[in-house]
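Notes follow the structure.
Numbering (my numbering), first residue to last: 715 to 1034.
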């Protein structure tokens, strides 16, 4: 599993998993001071800026936690890594977590991650098309080839809802899997008709003349909780103190990101290759402290309507 996640990484960021720190799944002791070394799977997008800021600001260190991060293409790759105890914690979109829970994997959300701004035209994720594309509205996507970072997940589920709300039939959409960092190039090369992009890649496409045609997060639910940090039920039961301290550090990191938007833009330059101009222009997501339960329930409903779950997910089990 670790080898797969390393392969999926776009840049193999500097805070990599150390081979000698193999206490994944149990918050291993890192040193004589009683510091817990934890491994966290993340995605190289703006959503995870708060955890980088939290490390930089010492919010984890002050709680005796040493964080090691590694990148993956999406939550669909991170979830099995956490379930297999390759990682202590992970960052994943809500649909991936609902999929895991419905399949019987013992995962629990322990802290909020990122949320939609809730404002069409001012959100951090959208379905983008080239400037000269004939696609003008969400309904026009009905027969298009649309890139998403992982199939049968939050991207295609919410995009289908955008099309339905515009009186279109989403059954003919041809979804194809493309990693977020590759979206701008695939779209500009004409390999796909549209690309679902989140920041900073949404702004990169806009810088090349692309434009949004659907605000799928906004359409899915008001103030949608997009992703969260999670762990296994086993770790929650065996080391609740560690989970509590990690959750508190994430909460402080989210608040810091909310209060310091320029710090978010700056830290993005440390784990992506995005230019300062793009970082200055991008739309930041919301970083609320609490998970929007109603929006999680709505994503569960949409996923069920699309038939992506093995069994109906249990939101109560995912949000203990």
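A virtual CB, placed ideally from N, CA and C, is assigned to each residue, including glycine. Source: prediction; values computed, not measured.
Within the continuous alpha helix (DSSP H) that includes residue i, where are the two ends?
i	result
residue 930	930-934
residue 902	897-902
Answer with buried or exposed for residue i, where buried requires no fewer than 16 other C-beta atoms within 10 angstroms of its C-beta.
i	result
residue 833	exposed
residue 840	buried
residue 907	buried
residue 1012	buried
residue 788	buried
residue 984	exposed
residue 1021	exposed
residue 1003	exposed
residue 1050	Past the boundaries of the shown model lies residue 1050; the chain is included only from 715 to 1034, so the question cannot be answered.
Give the secondary structure of residue i by DSSP, where H, G and I count as helix, E and B as strand, and everything else as coil.
i	result
residue 1069	Since the first residue of the chain shown is 715 and the last is 1034, residue 1069 is not available in this structure.
residue 1019	helix
residue 769	helix
residue 983	helix
residue 942	strand
residue 972	helix
residue 1024	coil
residue 1014	helix
residue 883	coil
residue 1008	helix
Could you compute how far the alpha carbon of residue i sits from the alpha carbon of residue j?
i	j	result
residue 1019	residue 909	23 Å
residue 794	residue 892	19 Å
residue 786	residue 758	8 Å
residue 885	residue 750	48 Å
residue 862	residue 748	42 Å
residue 838	residue 923	17 Å
residue 842	residue 850	10 Å
residue 977	residue 763	9 Å
residue 790	residue 864	7 Å
residue 946	residue 887	35 Å
residue 970	residue 752	21 Å
residue 950	residue 881	44 Å
Could you check where the beta strand (DSSP E) with residue i kicks off and where it finishes?
i	result
residue 871	No beta strand (DSSP E) contains residue 871, which is instead part of the alpha helix (DSSP H) from 868-879.
residue 891	888-891
residue 1041	The displayed coordinates of the chain run from 715 to 1034. Any statement about residue 1041 would go beyond what the structure contains.
residue 809	Here residue 809 belongs to no beta strand (DSSP E); instead the alpha helix (DSSP H) covers 808-816.
residue 781	779-785
Quick one: what's residue i bridged to in DSSP?
i	result
residue 911	840
residue 861	890, 909
residue 829	939, 1000
residue 988	Its beta-bridge partners do not exist; DSSP assigns none.
residue 926	842
residue 804	755, 944
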